[in-house]
Amino acid sequence: MAGEKIMGSSNKPIAMLKVLNPFHIWALGVGIVLVGEFMGWNFTVGKGGAYASLIACWVIGLLYTCVAMIDSEVTSTVAAAGGQYTQAKHIIGPLMAFNVGLYLVMAYTMLCAADALVVGDLMKSGAEVMGYANLDTKPFVVLTVAFLAWLNYRGVFATLTLNLVITFLAFSSLIILFFAVDPLHQGVVLQHQALLTDLPYGWIGVVAALQFGMWYYLGIEGTCQAAEEVRSAGRSIPLGTMGGMMTLLVAATISWFVATGLMPWQYLGQAVTPMYDAATLLGSSQLQLMLFIATAFAAIASANGCINDASRAWFSLARDRYMPVFFGAIHPKYRTPYRSVLFLVPIAVSFAFTGLLDQVITFSILSGLLGYTFMTFNMIKFRKMWPLGSIHRGYIHPFHPIPAITLLTLCCATYFATFLGYGASLLSIMAFYIFSSIWFVLRRYKYVKRADQFTMPWPRPKGY
Amino acid sequence: MKNYTPPNQGMFGQIFDTILVLVLVYVSLMVPLLFKAAAKAEDAATVAAAAVKASWESLGQNAVQQAQWVKLGYDPEKAATLINSRFDYTIDPIMLLITIAVVGGYFWFMLKVSDQEYREVIREKFDNK
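So the sequence lines, in the order shown, correspond to chains A and B.
The first sequence runs 1203 to 1666 under our numbering.
The second sequence runs 3 to 131 under our numbering.
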């Protein structure tokens, strides 16, 4: 924390532990996102039909491939907690950094709230199957968030090792489900020929579907939040992130293929737990139980990763005095940003208790989208201010500036997709970031130590 | 030139700033509901009216689709609520222009102010060693 560092017994500032490897990075990234392949992705079907969902899966997959490429280069060079926030601080400037920090906190805290709601709803469904109707979901929401916050409080290694195990199990369940539907023989279990229809809204529905298409991958960029805690950031972050993207492309395609071959699009487009429903339709109680557990695991892994990432982003904002410095402390024993972890527990629970699931999800998606838009400016400026060869980069992404231009184009298309059906939410969320920015300029920036905002051992940037 | 020394913020100020951000978040979550509530009630009434006396044929469902709906626990009247509920993608050009101006203006403002602040950071970091 700037000027108020927490000191250890040997009078050295306490830093976070470097204990993570590429598998933990994979688990962090995929763990946050995989729940999107179990629920949420199917809202694309509601917005544009089954084929629109598949096109959105591929188009948004391209968007996230650009994100992963850009992020891997910048993060392998700026290896510090806060991820994109720290990048913005070093490349664009304090106001952008403040906004990026807020995007991260809001995207992950809202996603955590949605995950906890899914766990609660799933428990309710399970109780109904067992003959207990009207189970109250609230205790499960609180328990999920509180248990995961406790894990995050105790240490990052155990937190992400748990994610590694349950994410792998959840992903494996999708593979098993894929083979269970006899994918090579149409008409035996899968009924694509009878269930797939033309585009119900035409091509405008395909564009509209891009909004929820982000659910297929939302959060993969969270891998760089752990940059300060990996043993080799230059190797682990690109490996974990790109491996994560490949895993998600496979999982997303399986989810679409299985679900659209079993359910009419009008049902699929609004289902809360479509993959669990798919297993139920197969009539196998073992598969039903497996998908029940896998959906719960995916939601828990996502909430776990979200608490990890949101707390690091909030901690980083506080450490630099962009937010109150009280939250910028590291636990002297567990080496975690414990005050930020604890602060976000009631916030996530209260978001979940509002019951505004679609608002919460839209807030999360839009915060992510604003962050991806920032990455395009960030990448262009980064290469301009420190050309190749002027500083050490752990990874250099190919074809620059094509990924940045592609990313910006796809971001614009996704803003338009959000406008179609969620225009009021878009403006309302923009108003939040505009008022927060004005507040930062007029009130918070006076607490920020200017020179402390640039900590990398780089030469002076070109043009400054 | 001397480096800028920021003031220390007291505990009351820290609590106030934290609560202010939270209030802004909750307000932005709630405001869209004011726009949506009336539209949703109207849509629900239209869909419910169309669901009365619906049949699989009138809903355009083929034999396989009907079978899957039944397995999912839906009869034609219940399924009609989902089948007839559709998004309206009519574009209001004024709202679209306002949205483009808000998103574009936000990024323009942010890049402009950030650049000014960044120059100050670089000056202190590299000129005042």
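Don't be surprised by glycine CBs; every beta carbon is placed ideally from N, CA and C.
Since the structure is predicted, the reported quantities are computational estimates derived from the model, not experimental observations.
Nearest to residue i (by Cα), restricted to the options the options
| i | options | result |
| --- | --- | --- |
| Y1617(A) | F1414(A), G1357(A), A1315(A) and M1271(A) | F1414(A) |
| P1663(A) | I1593(A), T1611(A) and I1636(A) | I1593(A) |
| G1445(A) | A1461(A), L1559(A), I1422(A) and V1390(A) | I1422(A) |
| V1551(A) | F1300(A), A1512(A), V1344(A) and G1404(A) | V1344(A) |
| V115(B) | Y1649(A), K1651(A), R1437(A) and N1301(A) | N1301(A) |
| H1226(A) | Y1597(A), M1241(A) and R1437(A) | R1437(A) |
| L1379(A) | P1296(A), Y1536(A) and Q1488(A) | Q1488(A) |
| Q118(B) | G1295(A), A1315(A), G1322(A) and A1299(A) | G1295(A) |
| L31(B) | V1235(A), A1512(A), V1269(A) and F1555(A) | F1555(A) |
| Y1597(A) | S1278(A), F1240(A) and I1234(A) | S1278(A) |
| L1558(A) | L1313(A), V1307(A) and M1241(A) | L1313(A) |
Buried versus exposed call for residue i [16 or more other C-beta atoms within 10 Å across all chains shown]
| i | result |
| --- | --- |
| V1432(A) | buried |
| S1212(A) | Residue placement at S1212(A) is flagged as unreliable, the pLDDT there being 46, under the threshold of 50; the coordinate-derived value follows with that caveat. With fewer than 16 Cβ atoms within 10 Å of its Cβ, S1212(A) is classed as exposed. |
| I1563(A) | buried |
| Q1522(A) | Before going further, note that residue 1522(A) is Asp rather than Gln in the sequence given. It is buried - the Cβ of D1522(A) has at least 16 other Cβ atoms within 10 Å. |
| V29(B) | exposed |
| A1282(A) | buried |
| H1387(A) | exposed |
| S1274(A) | buried |
| E1330(A) | exposed |
| Y1253(A) | buried |
| W1405(A) | exposed |
| K1249(A) | buried |
| S1486(A) | exposed |
| V72(B) | exposed |
| E1239(A) | buried |
| L1519(A) | buried |
| M1448(A) | exposed |
| Y1666(A) | exposed |
| Y120(B) | buried |
9 Å Cβ cutoff, residue i in contact with chain B
| i | result |
| --- | --- |
| N1301(A) | yes |
| L1222(A) | no |
| I1208(A) | Its pLDDT being 41, under 50, I1208(A) is placed unreliably in this model, and the value from its coordinates should be taken loosely. Chain B, which has no Cβ nearer than 9 Å to the Cβ of I1208(A), makes this no. |
| Y1419(A) | no |
| L1265(A) | no |
| T1425(A) | no |
| P1659(A) | no |
| M1203(A) | For M1203(A), the pLDDT reaches just 35, beneath the cut-off of 50, and the residue's location in the model is therefore unreliable, leaving the point undetermined. |
| F1414(A) | no |
| T1575(A) | yes |
| I1406(A) | yes |
| V1527(A) | yes |
| K1326(A) | no |
| W1458(A) | no |
| K1664(A) | no |
| L1558(A) | yes |
| V1347(A) | no |
Anticipated Cβ contact below 8 Å, residue i with residue j, distance rounded
| i | j | result |
| --- | --- | --- |
| P1224(A) | L1441(A) | 4 Å |
| V1408(A) | I1257(A) | 5 Å |
| L1230(A) | G1424(A) | 6 Å |
| L1568(A) | T1620(A) | 6 Å |
| P1526(A) | Q11(B) | 7 Å |
| A1309(A) | S1566(A) | 5 Å |
| E126(B) | A1290(A) | In fact, because the Cβ distance is near 18 Å, the residues do not count as touching under 8 Å. |
Where residue i meets chain B, residues with beta-carbon distance less than 9 Å
| i | result |
| --- | --- |
| I1294(A) | M112, L113, S116, D117 and Y120 |
| D1479(A) | L74 |
| S1630(A) | V29, S30, L31, M32, V33, P34 and F37 |
| V1383(A) | Result: empty, since nearest Cβ-Cβ is about 13 Å, beyond 9 Å. |
| Q1472(A) | L84 and S87 |
Cutoff 9 Å: residue i Cβ touching any chain A Cβ
| i | result |
| --- | --- |
| I124(B) | yes |
| S30(B) | yes |
| K4(B) | no |
| P78(B) | no |
| A65(B) | yes |
| K55(B) | no |
| S87(B) | yes |
Listed by chain order, chain B residues near residue i by CB distance under 7 Å
| i | result |
| --- | --- |
| G1625(A) | M97 and T101 |
| F1621(A) | L98 and T101 |
| Y1635(A) | Y108 |
Under 8 Å from the C-beta of residue i: neighbouring residues of chain B
| i | result |
| --- | --- |
| S1638(A) | V23 and L26 |
| F1656(A) | V123, I124 and K127 |
| K1249(A) | F89 |
| M1298(A) | M112, L113 and S116 |
| M1308(A) | V27 |
Residue i: contacting residues in chain A (beta-carbon distance under 8 Å)
| i | result |
| --- | --- |
| W71(B) | P1466 and Y1469 |
Neighbour list for residue i in chain A, Cβ cutoff strictly below 7 Å
| i | result |
| --- | --- |
| F14(B) | Simply none; closest approach about 11 Å. |
Proximity test, Cβ basis, 9 Å: residue i and chain D
| i | result |
| --- | --- |
| K1651(A) | Protein chains in the displayed structure are A and B, and chain D is not among them. |
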